[in-house]
Amino acid sequence: MAQCGVASRRKAEELIRNGRISVNGKVVDTMGYLVDPNRDMVELDFKPVAAEDKKVYILLNKPSGVISSAKDERGRRTVLDLVDVTQRLYPVGRLDFMTEGLIILTNDGDFSYLMTHPKHEIPKRYRAYVKGFVTDEEADILQKGVVIDGYATAPAKVGFLNRDKTSTLLDIEIHEGRNRQVRKMCDAVGHPVIRLKRISIGFLGLGGLKKGQWRHLTQDEIKKLKEMC
439 MAQCGVASRR KAEELIRNGR ISVNGKVVDT MGYLVDPNRD MVELDFKPVA
489 AEDKKVYILL NKPSGVISSA KDERGRRTVL DLVDVTQRLY PVGRLDFMTE
539 GLIILTNDGD FSYLMTHPKH EIPKRYRAYV KGFVTDEEAD ILQKGVVIDG
589 YATAPAKVGF LNRDKTSTLL DIEIHEGRNR QVRKMCDAVG HPVIRLKRIS
639 IGFLGLGGLK KGQWRHLTQD EIKKLKEMC
């Protein structure tokens with residue numbers, strides 16, 4: 439009953455003592471009576487009650503070629519096709535079709551709002567493999583902000599991981615979430631993205647998750663993410 443949100447544990451015990459709880463049509467008079475929420479009908483005063491959906495928080499290492507949405511009209515694979523849970527989940531923010539890496543899925547709308555609202559400025563880090571030799575001056579432009587879609591981006595952190603005459607591997611940290619932002623930033627300085635991967639959101643990284651693998655967030659991780667907002 440407590441899980442259903444109908445009453446506290448103490449109040450639920452009182453309801454049982456007063457004969458107001460029934461399971462499958464039979465009044466329950468035993469404390470701690472076990473029920474299967476998928477098979478048993480629990481009633482209060484002979485009116486059905488149902489357990490609230492359990493809040494689920496999943497970290498997924500999204501492969502490229504997967505849609506970051508609940509469904510796709512063109513029948514392409516979505517992030518929900520990669521996880522095995524009964525709850526209906528939604529992605530927290532988006533990664534475009536060809537971008538891979540860390541994405542969070544949840545059925546907690548309040549949590550999703552907190553994580554994606556611009557005012558909270560949660561940092562997101564990417565590995566961007568781009569065409570051409572990115573100069574120090576071009577990296578400085580990215581850090582200070584560039585104009586994309588008519589708006590100047592907020593200051594970013596940009597570091598070099600590797601560069602040669604034909605390509606550069608950048609470490610880019612932003613705290614905005616505009617559509618295809620990192621790709622457009624790199625385009626703005628003349629270095630189109632070849633491959634893009636998000637490696638972290640705040641303190642949360644991929645760890646040892648391989649492409650397509652996922653895991654549940656721990657309660658401590660959920661708490662820390664909320665505290666960042």
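The end of the sequence shown is residue 667 by this note's numbering, with every number in the run present.
Cβ coordinates follow ideal geometry from the N, Cα and C atoms, glycine included.
Can you list, in chain order, the stretches of the beta strand (DSSP E) that have 3 or more residues and sit fully within the region 547-627?
-> 562-569, 595-601 and 605-612
Could you check how far apart the C-beta atoms of Leu-543 and Val-517 are, in whole angstroms? I think they sit under 8 angstroms.
-> 6 angstroms
Buried or exposed: where does Asn-456 fall if 16 or more other Cβ atoms within 10 Å of its Cβ makes it buried?
-> exposed
Got a sec: is the Cβ-Cβ distance from Glu-659 to anything in chain B below 8 angstroms?
-> The chain inventory of the structure shown lacks chain B, comprising one protein chain alone.
Please report how far the alpha carbon of Gly-463 lies from the alpha carbon of Thr-524, in whole angstroms.
-> 27 angstroms
Kindly indicate which residue of Arg-512, Leu-533, Arg-515 and Leu-540 has the alpha-carbon position closest to the one of Ile-496.
-> Leu-540
Starting from Leu-482, trace the beta strand (DSSP E) both ways and give me its first and last residue.
-> 480-482
CB-CB under 7 angstroms to Ser-550, same chain, minus the five flanking residues each way: which ones, in chain order?
-> Tyr-528, Val-530 and Thr-544
Rank Glu-575, Lys-449 and His-558 by C-alpha distance to the C-alpha of Met-666 and give the top, closest one.
-> By alpha-carbon distance to Met-666, the top candidate from Glu-575, Lys-449 and His-558 is His-558.
Expressed to the nearest angstrom, what Euclidean distance is found between the alpha-carbon atoms of Asp-602 and Ile-637?
-> Computed Cα separation, rounded: 23 angstroms.
Own chain residues within Cβ distance below 8 angstroms of Thr-591, not counting five before or after | Gly-583, Val-584, Val-585, Ile-612, Glu-614, Arg-616, Gln-619 and Met-623
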